[in-house]
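Engineer: First residue of the sequence shown? That's 191 in this note's numbering, and the numbers climb one at a time after it. Glycine included, each C-beta is placed from N, C-alpha and C at the ideal position. Please find one structure pasted underneath; my questions will follow.
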Amino acid sequence: MILEDFFKRIETQYSQQLPFVVYRKPNKTVVKAMLQDSDDLFFTSEFNEKGFVFSPFDDIEGTILMPTEHSETIRLENFKVSGEADTISKEYIANDIAEAQHIQLVNNGIKAIKKGAFEKVVLSRIEKVTIENEKPISIFIKLLNEYLSAFVYCWYHPKVGLWLGATPETLVKIEGDRFSIMALAGTQVYKGSLDVEWQDKEIQEQKYVTDFVVDSLKPSAESIKISETNTVKAGNLLHLKTMISAQLKPSANLKEVVLAIHPTPAVCGLPKQATKDFILKEENYNRQFYTGFLGELNIETSTSPRAGRRNIENRAYTVNKKSTQLYVNLRCMQLKGKNAFIYVGGGITENSNAEKEWEETVAKSLVIKSVL
């Protein structure tokens, strides 16, 4: 499908107030869309359906499903980026009240850590921005151009809302019985080089996430492997990333894995329940789908056979496997009319500095503001 027809189909879907999701996976050129045939609201509780899921931060049972059986899937091959990607040159105008509130929130978190309530907590805020461009598809295209290495999406349901984002973090990828999980934590502003020094605070924050994921997976997985930790770039920011791969035990299932790891210490804290309770009590706003997850669920993919292997008719064959690729909903916003609500946060440990944590949320907000 050509570019103009592809996006026109999505705009028509939006004008008819019918659900859709359009997205591109990290470092890919294919843009996919699912167009639901009614405004019905579907949910999944067992994660054994096929489709696209959109899940909130604090209620996995509220995971919304866009089923393949009730949707048309369209593709745009070889989307070409126009202009320079992954660059940001925007100024930020500080909001004194928002700054003071976030600093107080962070200090409350640090106090709770020092009292032994938990080891790490992720605290966030919401920022309201007035926008001139109310067309979600044009904003989505800007995100595609800006963030090649992110999972870029635009998701809409008339009964829920309109969300866009460019997230750098994978929650889990599963193909057959093999899966991988990304542990992403630590943040600093990109200044032209990946060769940077990390402070003990960021290194410890990253270790919390990695250790939590590995420990949580043990009941469901075997042959667990942990990669080296590397510095990666996402927009104007740098993060520490570790990849964890494993094989599902025969008795395990996808829901079991998701329940074990979501929400991770990268978006919630450690221990999970204590920090989740603190977040819901202290943040004074509803995260909704921010720090939830989204992505393809049980989509069939075809893989080529190994070299030299043929079927009995001596013809090449393919193997179909179910593939699930879920991403953490970070660097995102919700659109309501002329307002964009931007969600940003950061990990807090005993060694955190509240003023620096505020500055980190400012840097993260520019990821989205650069396209508004």
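Under the assumption that I164 contacts K528 (Cβ atoms under 8 Å), give the Cβ distance between them as a whole number of angstroms.
Structural biologist: Residue 164 is absent from the model: the chain starts at 191 and stops at 562.
Engineer: Under the DSSP definition of a beta bridge, which residues are partnered with R265?
Structural biologist: One-based indexing of the sequence shown puts residue 265 at position 75. DSSP, once it has assigned bridges, lists K222 as partnering R265.
Engineer: On the CB-based measure, 16 or more other CB atoms within 10 Å of its CB, does I371 come out buried or exposed?
Structural biologist: For the purposes of this step, residue 371 is taken as the residue at position 181 of the sequence shown. That one is buried.
Engineer: Cα separation between A553 and L427?
Structural biologist: On the sequence shown, residue 553 is found 363 positions in, with the first residue counted as 1. On the sequence shown, residue 427 is found 237 positions in, with the first residue counted as 1. The straight-line gap from Cα to Cα measures roughly 8 Å.
Engineer: Only counting the same chain, and skipping five residues up and downstream in sequence, which positions put a Cβ closer than 6 Å to that of T360?
Structural biologist: On the sequence shown, position 170 is the one that residue 360 refers to. Within the same chain, T360 has close Cβ partners M372, Y517.
Engineer: Determine which residues share a DSSP beta bridge with A553 and list them.
Structural biologist: As a first step, residue 553 is located in the sequence shown; it is residue number 363 there, counting from the start. A553 is not bridged to any residue.
Engineer: In chain order, what residues of the same chain have a beta carbon less than 6 Å from the beta carbon of G485, not counting five sequence neighbours either side?
Structural biologist: Your numbering for residue 485 matches position 295 in the sequence shown. Answer for G485: Q515, L516, Y517, listed in chain order.
Engineer: With C-beta atoms as the reference, is F196 less than 7 Å away from L266?
Structural biologist: Indexing the sequence shown from 1 puts residue 196 at position 6. Indexing the sequence shown from 1 puts residue 266 at position 76. Yes, these two residues count as a Cβ contact at 7 Å.
Engineer: Could you give the DSSP three-state label for P257: helix, strand or coil?
Structural biologist: Against the sequence shown, residue 257 aligns to sequence position 67. Here P257 sits in strand by DSSP.
Engineer: Return the residue from the list P440, L438, G425, T421 that minimises the CA-CA distance to T432.
Structural biologist: Against the sequence shown, residue 432 aligns to sequence position 242. Out of P440, L438, G425, T421, T421 has the C-alpha closest to the C-alpha of T432.
Engineer: With distance defined between alpha-carbon atoms, name the residue in V534, D405, K546, S235 nearest to K391.
Structural biologist: By 1-based counting over the sequence shown, the position of residue 391 is 201. Of the listed residues, the one whose Cα sits closest to K391 is K546.
Engineer: From G241, I532, K423, pick the residue whose C-alpha is nearest to that of H260; which is it?
Structural biologist: One-based indexing of the sequence shown puts residue 260 at position 70. Checked all of G241, I532, K423; the closest Cα to H260 is G241.
Engineer: Less than 7 Å between C-beta atoms, sequence neighbours within five positions excluded: which residues of the same chain meet that for L333?
Structural biologist: Here the question's residue 333 lines up with position 143 in the sequence shown. Excluding sequence neighbours, L333 sits near V342, L354, A356, V561.
Engineer: How many angstroms separate the CA atom of Y398 from the CA atom of I192?
Structural biologist: Counted from its first residue, the sequence shown places residue 398 at position 208. Counted from its first residue, the sequence shown places residue 192 at position 2. Whole-angstrom Cα-Cα distance: 45 Å.
Engineer: Alpha carbon to alpha carbon, what distance is there between I316 and F468?
Structural biologist: Against the sequence shown, residue 468 aligns to sequence position 278. Against the sequence shown, residue 316 aligns to sequence position 126. In a straight line, the C-alpha of F468 is about 17 Å away from that of I316.
Engineer: Quick check: what's the CA-CA separation for R368 versus A436?
Structural biologist: For the purposes of this step, residue 368 is taken as residue 178 along the sequence shown, with counting starting at 1. For the purposes of this step, residue 436 is taken as residue 246 along the sequence shown, with counting starting at 1. Between R368 and A436, the C-alpha separation is close to 6 Å.
Engineer: Starting from the Cα of A450, find the closest Cα among P409, F479, H429 and give me that residue.
Structural biologist: Here residue 450 refers to the residue found at position 260 when the sequence shown is read from its first residue. Minimum Cα distance to A450 is reached at P409.
Engineer: If you pair each beta-carbon of the segment 205 to 220 with each one of the segment 285 to 301, do three or more pairs fall below 8 Å?
Structural biologist: Short answer: they don't touch.
Engineer: In the segment 413 to 494, which residue ranges form an unbroken beta strand (DSSP E) of at least 3 residues, counting only runs that do not cross its ends?
Structural biologist: Runs found: 420 to 424, 427 to 438, 483 to 493.
Engineer: For the beta strand (DSSP E) holding N136, just list the boundary residues, first then last.
Structural biologist: The question about residue 136 has no answer here: the residues shown for the chain are numbered 191 through 562.
Engineer: When DSSP labels each residue in this structure, what does T234 get in the three-state scheme?
Structural biologist: For this step, residue 234 is matched to residue 44 along the sequence shown. DSSP places T234 in coil when its eight states are reduced to three.
Engineer: Please determine, among R521, S513, L525, K526, the residue with the shortest C-alpha to C-alpha distance to G536.
Structural biologist: Here residue 536 refers to the residue found at position 346 when the sequence shown is read from its first residue. Comparing Cα-Cα distances from G536 to each of R521, S513, L525, K526, the minimum goes to R521.
Engineer: Measuring alpha carbon to alpha carbon, tell me which residue in A223, A424, Q291 is nearest S339.
Structural biologist: Walking along the sequence shown from the start, residue 339 turns up at place 149. Comparing Cα positions, the closest option is A424.
Engineer: Would you mind reading off the limits of the beta strand (DSSP E) that contains R368?
Structural biologist: Against the sequence shown, residue 368 aligns to sequence position 178. Start and end: 368 to 379.
Engineer: From the DSSP output, in three-state form, read off N501 for me.
Structural biologist: As a first step, residue 501 is located in the sequence shown; it is residue number 311 there, counting from the start. With a pLDDT of only 48 at N501, under 50, the local geometry of the prediction cannot be trusted, and no value is derived from it.
Engineer: Grouping DSSP H, G and I as helix and E and B as strand, with all else coil, what is S410?
Structural biologist: Position 220 of the sequence shown, counted from the first residue, corresponds to residue 410. Note: S410 maps to coil in three-state DSSP.
Engineer: Looking at A375: is its Cβ nearer than 7 Å to the Cβ of L430?
Structural biologist: Numbered from 1 along the sequence shown, position 185 holds the residue referred to as residue 375. Numbered from 1 along the sequence shown, position 240 holds the residue referred to as residue 430. The answer is yes: Cβ separation under 7 Å.
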